[in-house]
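This report concerns only the one structure given below.
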Amino acid sequence: MKIDTIISKMLTQLSMIGILGLASMAQAEVSVLTTVSDLNAIVQEVGGKEVKSESLCKGSQDPHYVEPKPSFMLKANKADLMVSIGLGLEIGWLPSIIQGARNPKIQPGQPGFLEVGRSVTTLEVQNGKVTRAEGDVHPEGNPHITLDPIRAGELAQTIAKRLGEIDPPHAALYKSRADVLQKRLVDKTKGWGERISKTGVKQVVSFHKTLTYFFDRFNLQNPMILEPLPGVPPTAKHTMEVIERAKADKINLIMVENFFDATVANRIAKDVPGLRVEVVPVSVDGEEKIRSIDDLYEYLVSAIEGKAKHG
Ligand SMILES: [Zn+2]
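At position 126 of the sequence shown the residue is numbered 141 (the working numbering), and the sequence of numbers has no breaks.
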C-alpha cells in the first residue's frame, strides 16, 4: 500500500473516532503543534491548561533535519495551530508534514499557521544572492532565535497574540501569561549576564551557529565554528585553522551542541593548552533535566562558568 493510501485510511478512522468522541466530551483546549521544543515550552507556559501542545522535533535532535514521519502528519491533521520558527529552519521537513496533514486550518496564510521568526530582529541576514556553495545558509537570518532569552520573551507575546485570535475568550489570559514569562526572562538575563562577565570568557568556538543569539546577548564572540560552512562537517584543514586561531587568541572554550559529534572538539582541546570542551543541550528537553526555557539558559550559563552538570 502506498504511504498516501495508508495515511488516508488512518485519517478516515481517526475522524470517525473523533465524531464518536465529540458526543461524549466537549473539546475545550486549543491543540497546538510546534516544530521545536523551545517553542513548545513557550506555548505550554502561555497556553496553560487552555492549550495542549507538543513538539515534533525532540530537544536532543538537530532541528534542520527531521524525518517527516506519517505519525507527524496524523498529529498535524488534528492541530488547531502549527507554530514554527520559519527563516528556513524547517524548510526540509515541515512543508511535507503540512501537505500530508490535509488540515485546512494549518496551511500557510491561515490563522492556524504561525511562523514566529519574522516577529523578532534576526542576525546574520544575508544580502545579495546566496548559493548552496556557501553551505546550508539561511538568507533571512540565523533561525536559532530561541537561544536568546530576550527574544524568547518577544516570541511569547507573538504566540499569545495568535492564541488569542484563535481562542478569543482567553486572549487576555494568554497575554498576561506572556507578560509574566517575558518579565521573568528580562530580569534573569541581567543576572546571567553578570555571571558570564565574571567568568572572563570572551570568545567561544561552537560546532554550528546555533548559539549565535545567546553569544550576542551576552557579549561573547564566536570567532570560529567547527563546521567549515554551515551544515558541512569539520574538515582536517579547517580543524587546523581552528587550532591555530585558538592558540593565537587564547580561546579557552568550545561549546558543542549535543546533537553533534564532539570528537573533533576533543582533539582540538588536546592541542590547545587551557581549552575546555563543553557538550551542551541547546533546546528544552535537550537533556532530561532541561525542562523549561529558563533551565536551558541556566545550563548554558553554568557551562560557561565550568559548573554544568550533565544528566
Ligand atoms: Zn542552523
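For each residue, glycine too, the CB sits at the ideal point set by N, CA and C.
Residue i, DSSP secondary structure in three states
i	result
Glu313	helix
Phe128	strand
Arg306	coil
Lys67	strand
Leu268	strand
Arg291	strand
Ser46	strand
Val98	strand
Gln197	helix
Leu109	helix
Ile319	helix
Arg177	helix
Ser75	coil
Met40	Caution is warranted here: a pLDDT of 47 is assigned to Met40, below 50, making its placement in the model unreliable, and no coordinate value can be reported.
His159	coil
Ser298	coil
His325	coil
Thr278	helix
Leu35	Any reading at Leu35 needs caution, since the residue's pLDDT is 49, under 50, leaving its predicted position unreliable; the model's value is listed next. Three-state DSSP puts Leu35 in a helix.
Leu170	helix
Pro336	This structure leaves residue 336 out entirely; the chain is present only between 16 and 326.
Gln9	Shown here, the chain extends from 16 to 326; a query on residue 9 therefore has no answer.
Gly103	coil
Tyr80	coil
Asn92	helix
His153	coil
Leu188	helix
Asp286	helix
Gln141	coil
Thr204	helix
Closest Cα partner of residue i within the set the options
i	options	result
Asn234	His223, Val219 and Ala280	Val219
Val140	Phe87, Ser317 and Ile160	Ile160
Ala261	Pro245, Phe275, Ala280 and Leu244	Ala280
Phe275	Lys265, Gln122, Glu242 and Leu290	Glu242
Tyr80	Val61, Gly103, Lys93 and Gly215	Gly103
Val61	Asn237, Ser75, Asp194 and Lys304	Asp194
Phe229	Gly246, Trp207 and Val247	Trp207
Val271	Pro245, Arg282 and Phe222	Phe222
Ser46	Val201, Asp95, Ile240 and Gln236	Asp95
Gly132	Pro126, Ile174 and Ala91	Ile174
Pro126	Ala186, Gly107 and Glu180	Glu180
Val277	Pro296, Gly289, Asp264 and Ile266	Per the sequence shown, residue 277 should be read as Ala rather than Val. The shortest Cα separation from Ala277 among Pro296, Gly289, Asp264 and Ile266 belongs to Pro296.
Val201	Lys304, Glu256, Leu170 and Gly124	Leu170
Gly289	Asp264, Trp108, Glu302 and Lys304	Asp264
Thr214	Lys84, Ser317 and Phe87	Ser317
Leu71	Glu44, Leu109 and Glu65	Leu109
Glu302	Val216, Pro184 and Gln76	Gln76
Thr136	Asn237, Val287, Leu315 and Thr227	Thr227
Glu44	His185, Ile283 and Lys205	His185
Val287	Leu311, Leu315, Met255 and Phe87	Met255
Cα-Cα separation between residue i and residue j, rounded to whole angstroms
i	j	result
Ile165	Asn157	16 Å
Leu89	Gly115	8 Å
Pro78	Ile269	21 Å
His153	Ala251	25 Å
Asn273	Glu293	9 Å
Glu69	Thr49	6 Å
Leu196	Gln172	9 Å
Gly168	Ile121	24 Å
Tyr189	Asp182	10 Å
Arg117	Ser111	10 Å
Lys93	Ser134	26 Å
Arg232	Asp163	6 Å
Ser52	Lys322	24 Å
Glu105	Pro248	20 Å
Ile211	Leu129	34 Å
Ser99	Leu54	8 Å
Ile319	Lys285	19 Å
Asp300	Thr225	16 Å
Val58	Arg177	11 Å
Leu244	His253	10 Å
Ile266	Ser307	30 Å
Lys84	Lys203	38 Å
Val216	Glu209	12 Å
Lys198	Glu259	42 Å
Ala56	Val66	12 Å
Ser191	Asn142	38 Å
- Task: Could you pull out every unbroken alpha helix (DSSP H) segment of at least 4 residues lying fully inside the segment 210 to 263, listed in chain order?
- Result: Here the runs fully enclosed are 227 to 232 and 251 to 263.
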